[in-house]
Amino acid sequence: MSARGGSAKTPRFFRSADELRAWLEEAHDSVSELWIGFFNQRSGQTGITYKQALDEALCFGWIDGVRKSVDEGRYMQRFTPRQARSIWSLVNIKRVGELKALGRMCAPGLAAFARRDEKRSGVYSFERANVRWSGALERRFRASAHAWAFFQSQPPGYRRIATWFVMSAKKDETRLKRLTTLIALSEKGRRLPMLERARRSAKAKR
């Protein structure tokens with residue numbers, strides 16, 4: 176197999192996780208980047224999935240990055256070796272533990288994980304301490320029974336990030352403005368647009 180990496184102009188479409196794993200075994204320490212191509216479900220074509228690619232990247236100490244569209248049925252994502260000061264999300268830390276248990280982690284991946292800086296692990300704002308509503312803002316939210324019921328019916332991850340989105344604002348008026356937006360959308364049974372786009376993006380990658 177050629178270890179030549181896919182580029183932003185010509186992404187590489189792997190047929191399976193095993194094929195990508197073989198590529199990483201050969202080139203994980205000699206190539207600076209790899210653009211992997213993926214098919215959306217509506218394309219009718221099959222190949223490696225984003226989740227599979229991310230698992231293999233973790234196994235070899237690589238990380239996913241920028242995503243770009245190729246056409247209506249395809250997109251591509253940039254993967255690169257992790258740097259020493261790379262931020263580790265709690266999701267990826269947990270996944271490494273699962274991959275270890277499955278016996279899938281390789282030496283380069285274990286080394287990258289061992290090098291991680293604890294101060295730069297789980298530092299994304301919404302992954303930190305459990306953010307809670309202030310009493311006044313929660314009462315305002317609860318005053319709209321329909322909006323509050325919809326919000327409570329959403330997955331914990333969405334509720335946590337949406338709460339952080341409101342409460343992280345530095346000014347009282349900004350927090351109130353964001354809460355007003357959240358309530359208005361919740362009353363219509365809708366999520367915050369940026370979080371809904373993230374959900375659809377993740378779904379398209381499956």
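End of the sequence shown sits at 381 in the working numbering; the numbers just go up one at a time, nothing left out. In this text, a Cβ means the ideal position worked out from N, Cα and C, and glycines have one as well.
Q: Under 8 Å Cβ to Cβ from A286, same chain only, skipping five residues before and after it: list those, please.
A: Reading the sequence shown from its first residue, position 111 is the one you call residue 286. The answer, listed in chain order, is G236.
Q: For the alpha helix (DSSP H) holding Q227, just list the boundary residues, first then last.
A: For the purposes of this step, residue 227 is taken as the residue at position 52 of the sequence shown. Y225 to C234 is the extent of the alpha helix (DSSP H) around Q227.
Q. In whole angstroms, what separates the C-alpha of S264 from that of C234?
A. Working through the sequence shown from its first residue, we reach residue 264 at position 89. Working through the sequence shown from its first residue, we reach residue 234 at position 59. If you take the alpha carbons of S264 and C234, they lie about 15 Å apart.
(Q) Once DSSP output is grouped into helix, strand and coil, what is the label at L277? (A) Stepping through the sequence shown from its first residue, residue 277 is reached at position 102. Three-state DSSP puts L277 in coil, outside helix and strand.
Q. Between T185, E231, S191 and F213, which lies nearest to C281 when the distance is taken from Cα to Cα?
A. By 1-based counting over the sequence shown, the position of residue 281 is 106. Comparing Cα-Cα distances from C281 to each of T185, E231, S191 and F213, the minimum goes to E231.
Q | Cβ shell of S361 (< 7 Å), same chain only, five flanking positions each side left out | A | Start at 1 with the first residue of the sequence shown, and residue 361 comes out as number 186. Counting only Cβ-Cβ distances below 7 Å, and skipping sequence neighbours, we find A322, F325 and F326.
Q. Just how far apart, CA to CA, sit S205 and R196?
A. Residue numbering aside, residue 205 sits at position 30 when the sequence shown is read from its first letter. Residue numbering aside, residue 196 sits at position 21 when the sequence shown is read from its first letter. Distance between the alpha carbons of S205 and R196: 15 Å.
Q | CA-to-CA distance, K243 to K226, given in whole angstroms | A | As a first step, residue 226 is located in the sequence shown; it is residue number 51 there, counting from the start. As a first step, residue 243 is located in the sequence shown; it is residue number 68 there, counting from the start. Distance between the alpha carbons of K226 and K243 is about 16 Å.
Q) Given a threshold of 16 other Cβ atoms within 10 Å of its Cβ, counted over all protein chains shown, does A359 qualify as buried or as exposed? A) Stepping through the sequence shown from its first residue, residue 359 is reached at position 184. When all chains shown are included, A359 counts as exposed.
Q. Helix, strand or coil: how does DSSP classify P256 here?
A. As a first step, residue 256 must be located in the sequence shown, where it is residue number 81. Three-state DSSP puts P256 in a strand.
**Q.** Distance, R217 Cα to V266 Cα
**A.** Against the sequence shown, residue 266 aligns to sequence position 91. Against the sequence shown, residue 217 aligns to sequence position 42. One C-alpha to the other measures close to 27 Å.
Q. Among the residues of its own chain, which have a CB less than 8 Å from the CB of G219, if the five just before and after it don't count?
A. The residue labelled residue 219 in the question sits at position 44 within the sequence shown. Excluding residues within five positions, the ones whose Cβ falls inside 8 Å are G248.
Q. Based on Cα-Cα distance, which residue from E201, I223 and E313 lies nearest to P186?
A. For this step, residue 186 is matched to residue 11 along the sequence shown. Selected option, being the one with the closest Cα: I223.
Q: Would you mind listing the alpha helix (DSSP H) stretches within the stretch 340-369 that are 4+ residues and don't spill past its ends, in chain order?
A: 347-362
(Q) Can you tell me whether S218 is helix, strand or coil according to DSSP? (A) Here residue 218 corresponds to residue number 43 of the sequence shown, with the count starting at 1. In this structure, S218 counts as helix in the three-state DSSP scheme.
**Q.** Which of helix, strand or coil DSSP assigns to V245
**A.** Taking the sequence shown and counting its residues from 1, the one referred to as residue 245 is at position 70. Residue state, collapsed to three classes: strand.
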